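Mapping of the sequence shown onto this note's numbering: position 23 corresponds to residue 23, and the numbering continues sequentially without gaps.
Don't be surprised by glycine CBs; every beta carbon is placed ideally from N, CA and C.
Keep in mind it's a predicted model, so treat the numbers as computed, not measured.
Below is one structure, written out as structure tokens; comments come after it.
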Amino acid sequence: MKKVILLILSFIVFFYPLALANIAAVPMRYTVLYNNDIRHGEENFWSNRLEGFFEKDIYLGSKEVTAKMIPFVEQRYSIDRHKRERTMAGVEFGVEPTEFLYIAEQFRYSWYSETLHRHELVERVGMPESLIRIILSHQLVPGKEILNGYAGSEYTYDFRNGRATRVEVVAGLLAALGKGWQASVDWRHRDRIHGFDSDTFEASVSYDF
């Protein structure tokens, strides 16, 4: 855990001058998402998420790439139980080594009141977590950023219990709607390690400001 804290602090120090210089003009994004679990209807939820974006060009060897720091907060609400089931706050550090590849790791603290493993309801449990994301994307309309396809995977690790908790794969479409608006639809397979699996369809709308 000490190594994780040191890593987070080193990234913050790296991005701090950029954040301080641009704090009044930080790009922000607000997203509302609906998740429909086609295997387990009681797992359906909707969420809202707010995130900020700090970017800096760095060199990996002789190649210039874009590094990102994305602080965020997210809340999820259970449609079946009519209550908040998860709150997450953290920061994501990512890099785009190519135009079509994004690699990132999140460090976050999550407060759970939901079914995590074998349909066991967990109430008011806090977990320090890490999530690794690898996303591939491709322009579907050449020369125009109006419709992208994407696919990727996510791996979640729980520091409190010292083990992985979820592996997910996702594929979807992202459409630019103009004036800061965008929408996405995707299919996601969620493998809760030593627990139950889910297949879901998600739809979201985001606004950049």
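Beta-carbon proximity check, residue i vs residue j, cutoff 7 Å
i: R49; j: E85; result: no
i: I132; j: Y150; result: no
i: S198; j: D37; result: yes
i: V65; j: V95; result: yes
i: T200; j: R192; result: no
i: G152; j: V170; result: yes
i: F209; j: M69; result: no
i: P128; j: Y109; result: yes
C-alpha gap between residue i and residue j, whole angstroms
i: T156; j: A176; result: 29 Å
i: G90; j: F107; result: 6 Å
i: Y30; j: S204; result: 10 Å
i: G52; j: G172; result: 23 Å
i: L9; j: F93; result: Residue placement at L9 is flagged as unreliable, the pLDDT there being 49, under the threshold of 50; a coordinate-derived value is accordingly withheld.
i: R81; j: E123; result: 13 Å
i: E42; j: W181; result: 30 Å
i: R216; j: W111; result: The structure shown does not extend to residue 216, since the chain is modelled only from 1 to 209, so the question has no answer here.
i: D57; j: A67; result: 6 Å
i: G168; j: A25; result: Before going further, note that residue 168 is Glu rather than Gly in the sequence given. Going by the C-alpha atoms only, they are around 34 Å apart.
i: G126; j: N44; result: 21 Å
i: W46; j: Q139; result: 28 Å
i: G162; j: L147; result: 39 Å
i: S113; j: I79; result: 13 Å
Residues that residue i bridges to, as DSSP identifies them
i: H189; result: V169, D199
i: A176; result: Q182
i: H138; result: G149
i: S204; result: L33, S184
i: S113; result: DSSP lists no partner for S113.
Span of the beta strand (DSSP E) around residue i
i: I146; result: It is not in any beta strand (DSSP E) - I146 carries neither H nor E in the DSSP assignment.
i: I70; result: 63-78
i: L60; result: 54-60
i: K161; result: The sequence as given places Asn at residue 161; Lys does not occur at that position. No beta strand (DSSP E) holds N161; DSSP gives it neither H nor E.
i: E43; result: It is not in any beta strand (DSSP E) - E43 carries neither H nor E in the DSSP assignment.
i: P27; result: Run containing P27: none; DSSP gives neither H nor E here.
i: S93; result: The question names Ser, but residue 93 in the sequence shown is Phe. Here the beta strand (DSSP E) through F93 covers 83-98.
Do the region 59-76 and the region 87-104 touch if we need at least three Cβ pairs shorter than 8 Å? yes
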